[in-house]
Amino acid sequence: MADPLSDASTSCDFASPPHRSRKKRGGCFSKNDDIKKKKQSSRSSDTDYSWESKAHKKRTHVSSWTKERAETYGLFYENKASDFSEFYDLFGYCKGRSRYGFIYPLEGEEKKMLDSLVEQTDKMIEEHGVEMETGSEWAVAADWPFVWTKCCDAVKVLDLNETCRPAVYSGNHIRCYAALVNFYMALKDYVQEEIRRSNSCEPSDVPEGTYTELCAKFFEIFLLMSRRGEFRKSVMMIKDIPTSSIPDLRMTLSTSSPPSLFVVEVVEIKKSALASCVPFNIHQALDNRVLGQHAGELLLDFQFSVFRDLQAVFGIICMQTTLIFTCLKITMKHYQYIHEFGEDVVIKGMEVDDTTDLIKSKSDDEDEKEKVYVKTCHEKKSLPSTDPNLKKNVRKSGTIFYTKPYNYLISKDRKDIMEFLFWMGINCKRITVSSA
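All the letters of the sequence shown, read from the start, carry residue numbers 1 to 436 under full-length UniProt numbering.
Rendered as structure tokens:
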């Protein structure tokens, strides 16, 4: 049996990036109009026509989507933020192991490795790193020359001082340490751009590539591989119209045809960062175009998601040094309905939830090990749940849940995300080694 996604999407050529230029588009926080969002575009507009196609079919890009557009396909953001336990709970139906081999919780030596990496990284940053002392207003109030000096000191101490080297000399500890040094070098570049901009007589923006590079270097600390979005264009046919997406970054496995861990949307902030909002509500904090494009990026990357068997695709919205983690829950039925019917999915009230498709085999010639795994997972789901929270927290297909914003230059926020990111990184390293 062929992969059901093959009819609904188009695979991409890794050898060469798509021949499309990128342009910036407006995007803002609803209250103070202080965000500017980048987007990918066609050479002429957000909607163009393929003259190479005999049918001259119209093409669209998720860069033109709004939140309302996403909702016409049945994609809705929740009204309040979740914590990371909601991401871990996705593994509850398959005994803690996904088809790609992601495991939660980690046990034995891997759990020790996780704890050790968190401790090492936290200690080095606390003792020698750069902290944001003025909270969310740093982008406005920071003394950039002072921050520049702090970055230089961090690189010098971590790179040259032997006493700062990892106490545990495993490959992962050394890679993490080296990535931390590289991150502070990237932070220097970012601060340098801020100094140049603040000293300029003419208003200007920090180059978009600086934000993206800083974001990528941060994730490398956690053993995660970043790839620029241009290396793979996601395409999905929606009612016979090609819809494409080129995210700013993807976190992927280190394999020849890497599936996606996260699809990352990078947002530029002009003035202040996220307004204080307790509990955090993404509808109030972010512009509808930012939310619409990100929903589209999640949908189109579902075909590549390493968590596809869990009916999920992970994402991140990155605003300077602040991160919001997202997850789209979507069934194969829902995905196929969007492919075939587009906005009619909502207009006609189609039933898109289907818990029986949580795990699907990829082809008739699957190896026996995966067939047994799929059968076991189906049997697991067919039994009544003994955990009342699993039934209580089941989300409808099309739901996008998300965390509150975390600023990784603020100690408390950074501590809250380190374990989750190292859990991802350790799983990636194991899977990459086993598939080599």
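Using N, Cα and C, we set each Cβ at its ideal position, and we do this for glycine too.
Thinking C-alpha only, which one of VAL266, SER116, ASP89 is nearest ILE103?
-> Indexing the sequence shown from 1 puts residue 103 at position 103. Answer by Cα proximity: ASP89.
Is it a yes or a no for the region 234-250 touching the region 328-343, going by three-plus beta-carbon pairs under 8 Å?
-> yes
Could you say which of ARG395, ALA81, TYR177 lies nearest to LYS217 if we only look at CA atoms?
-> Residue mapping note: residue 217 aligns to position 217 of the sequence shown, counting from 1. It is TYR177 whose Cα lies nearest to the Cα of LYS217.
Per DSSP, what kind of secondary structure is SER435 in: helix, strand or coil?
-> Counted from its first residue, the sequence shown places residue 435 at position 435. In this structure, SER435 counts as helix in the three-state DSSP scheme.
Candidates PRO145, GLU202, ARG99, THR399: closest to ALA81 by CA position = By one-based count along the sequence shown, residue 81 stands at place 81. Of PRO145, GLU202, ARG99, THR399, the residue nearest in Cα terms is THR399.
What residue from LEU298, ARG228, GLN293, CYS318 has the CA that sits closest to HIS61's CA?
-> Within the sequence shown, residue 61 is the residue found at index 61, counting from 1. Checked all of LEU298, ARG228, GLN293, CYS318; the closest Cα to HIS61 is GLN293.
Cβ pair ALA186, GLU213 closer than 9 Å | Stepping through the sequence shown from its first residue, residue 186 is reached at position 186. Stepping through the sequence shown from its first residue, residue 213 is reached at position 213. Contact flag set, yes.
Test item: CB-CB of ASP301 and ARG227 under 9 Å = Along the sequence shown, one-based indexing puts residue 301 at 301. Along the sequence shown, one-based indexing puts residue 227 at 227. Taking 9 Å as the Cβ cut-off, ASP301 and ARG227 do not qualify as a contacting pair.
Among the residues of its own chain, which have a CB less than 6 Å from the CB of GLY417, if the five just before and after it don't count?
-> Here residue 417 refers to the residue found at position 417 of the sequence shown. The sequence as given places Ile at residue 417; Gly does not occur at that position. Cβ within range, chain order: TYR406.
Please go through the same chain and pick out, in chain order, the residues whose beta-carbon is closer than 7 Å to the beta-carbon of SER98, but skip the five residues on each side of it.
-> Numbered from 1 along the sequence shown, position 98 holds the residue referred to as residue 98. These residues qualify, in order along the chain: PHE91, PHE307, ASP309, LEU310.
Considering only residues of the region 276-341, which uninterrupted beta strand (DSSP E) runs meet the minimum length of 3 residues and lie entirely inside it, listed in chain order?
-> 312-319, 322-329
Boundaries of the alpha helix (DSSP H) in which PHE218 is found, first to last residue | The residue given as residue 218 occupies position 218 in the sequence shown. Element bounds for PHE218: 208-220.
According to DSSP, what are the bridge partners of TYR77?
-> Taking the sequence shown and counting its residues from 1, one reaches residue 77 at position 77. According to DSSP, which records beta bridges pairwise, TYR77 is partnered with ILE400.
Residues of its chain near THR243, where Cβ-Cβ distance is below 8 Å and the 5 sequence neighbours each way are ignored | As a position in the sequence shown, residue 243 is number 243, starting the count at 1. Once the five neighbours on either side are set aside, the close Cβ partners of THR243 are ARG59, THR60, HIS61, VAL62, VAL235, MET236, MET237, GLY296, LEU300.
Between the Cα of residue 445 and those of THR326, VAL157, ASP354, VAL168, spot the shortest distance and give me the residue it belongs to.
-> The structure shown does not extend to residue 445, since the chain is modelled only from 1 to 436, so the question has no answer here.
Can you give the Cα-Cα distance for LYS188 and ASP159, rounded to whole angstroms?
-> Stepping through the sequence shown from its first residue, residue 188 is reached at position 188. Stepping through the sequence shown from its first residue, residue 159 is reached at position 159. Between LYS188 and ASP159, the C-alpha separation is close to 14 Å.
What residues match up with LEU249 in a beta bridge as DSSP calls it?
-> Within the sequence shown, the letter at position 249 stands for residue 249. Beta-bridge pairing links LEU249 to ARG228, VAL264.
Find the nearest neighbour of VAL278 within the set GLU202, LYS404, LEU261, judged by alpha-carbon distance.
-> The sequence position of residue 278 within the sequence shown is 278, counting from 1. Checked all of GLU202, LYS404, LEU261; the closest Cα to VAL278 is LYS404.
Element boundaries [alpha helix (DSSP H), containing ARG196] = Taking the first residue of the sequence shown as 1, we reach residue 196 at position 196. Taken as a continuous stretch (DSSP letters only), the alpha helix (DSSP H) holding ARG196 covers 171-199.
Would you identify the three-state DSSP class for THR121, choosing helix, strand or coil?
-> In the sequence shown, the residue the question calls residue 121 occupies position 121. THR121: helix per DSSP, three-state reduction.
Classify ILE410 as helix, strand or coil using the three-state DSSP reduction.
-> Residue mapping note: residue 410 aligns to position 410 of the sequence shown, counting from 1. Correct three-state label for ILE410: coil.
Give every residue of the same chain whose Cβ lies closer than 7 Å to the Cβ of TYR373, excluding the five residues on either side of it in the sequence, and list them in chain order.
-> The residue you call residue 373 lines up with position 373 of the sequence shown. Unreliable placement is indicated for TYR373, whose pLDDT of 43 sits below 50; no coordinate value is reported for it.
Those residues which DSSP pairs with LYS429 across a bridge = Counted from its first residue, the sequence shown places residue 429 at position 429. None; LYS429 has no bridge partner.
Beta strand (DSSP E) containing LYS58: first to last residue?
-> On the sequence shown, position 58 is the one that residue 58 refers to. Here the beta strand (DSSP E) through LYS58 covers 58-61.
Please name the residue or residues paired with ARG165 in a DSSP beta bridge.
-> Residue mapping note: residue 165 aligns to position 165 of the sequence shown, counting from 1. Note: ARG165 sits in no beta bridge, so no partner.
Test item: CB-CB of ILE316 and ILE324 under 9 Å | Locating residue 316 in the sequence shown gives position 316, counting from the first residue. Locating residue 324 in the sequence shown gives position 324, counting from the first residue. Yes; because the gap between Cβ atoms is below 9 Å, this pair is in contact.
Straight-line CA distance for residue 454 to ALA70?
-> Any answer about residue 454 is impossible in this case: the structure gives the chain only from 1 up to 436.
Roughly how many angstroms lie between the CA atoms of ASN427 and GLY101, to the nearest whole one?
-> Taking the sequence shown and counting its residues from 1, the one referred to as residue 427 is at position 427. Taking the sequence shown and counting its residues from 1, the one referred to as residue 101 is at position 101. One C-alpha to the other measures close to 8 Å.
Is GLU220 near ASN182, with beta carbons less than 9 Å apart?
-> Taking the first residue of the sequence shown as 1, we reach residue 220 at position 220. Taking the first residue of the sequence shown as 1, we reach residue 182 at position 182. Yes, they are a contact pair.
Counting along the chain, where does the alpha helix (DSSP H) carrying ILE347 start and finish?
-> The residue given as residue 347 occupies position 347 in the sequence shown. From DSSP, the alpha helix (DSSP H) with ILE347 extends over 344-347.
What's the call for LYS429, buried or exposed, on a 16-neighbour Cβ count within 10 Å?
-> Translated into the one-based positions of the sequence shown, residue 429 becomes position 429. With 16 or more Cβ atoms within 10 Å of its Cβ, LYS429 is classed as buried.
Could you give the distance in angstroms between the alpha-carbon of SER254 and the alpha-carbon of ILE174?
-> Translated into the one-based positions of the sequence shown, residue 254 becomes position 254. Translated into the one-based positions of the sequence shown, residue 174 becomes position 174. Near 18 Å, if we compare the C-alpha coordinates of ILE174 and SER254.
From THR322, PHE314, TYR211, pick the residue whose C-alpha is nearest to that of ILE410; which is it?
-> Here the question's residue 410 lines up with position 410 in the sequence shown. Closest option to ILE410, Cα to Cα, is THR322.
Exposure label - ASP287; buried when at least 16 CB within 10 Å | Looking up residue 287 in the sequence shown gives position 287. When all chains shown are included, ASP287 counts as buried.
Distance between ASP153 and SER116 (C-alpha atoms, nearest Å) | To locate residue 116, count along the sequence shown from 1; it is residue 116. To locate residue 153, count along the sequence shown from 1; it is residue 153. Going by the C-alpha atoms only, they are around 25 Å apart.
Three-state class that DSSP yields for ARG395 in the structure shown = The sequence position of residue 395 within the sequence shown is 395, counting from 1. In this structure, ARG395 counts as coil in the three-state DSSP scheme.
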